[in-house]
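Data block below; observations after.
In full-length UniProt numbering, the protein residues as written are 1 to 81.
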C-alpha cells in the first residue's frame, strides 16, 4: 500500500518571487496550464492577481484552506473573457 500523498501535491508550482511585482487592480479570470507539486501537468481555472516581467501570479482556490498563490511563466496563462 502506498502512503497518502502530501496535502500540497495538487498545488500549482510556484516559480519564485520575480521582481518588480505589480498587483492588478482587480483579479482577472484566467486558465493556466502548468505543473503541480505532485508532478502532474494540469489545466485549471484561476484568477490572475499580479504581474512581474515574464510571470503572472495566479490564485488557486483550494477547498478547506486559504487560496494558494503561485508565480507561473506568463506564456502558461491565458485570460478568460
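Backbone N, C-alpha and C define an ideal beta-carbon position, used for all residues, glycine too.
Put simply, of 5, 56, 41 and 25 the residue whose alpha carbon is nearest the alpha carbon of residue 77 is 56.
Rounded to whole angstroms, the separation of the alpha carbons of residue 15 and residue 40 is 16 Å. Nearest C-alpha to residue 5 among 37, 23 and 31: 37. Annotation for residue 74: no beta strand (DSSP E) segment contains it, and DSSP assigns it neither H nor E. Judged by beta-carbon spacing, residue 51 lies within the 8 Å limit of residue 24, meaning their Cβ atoms are closer than that value.
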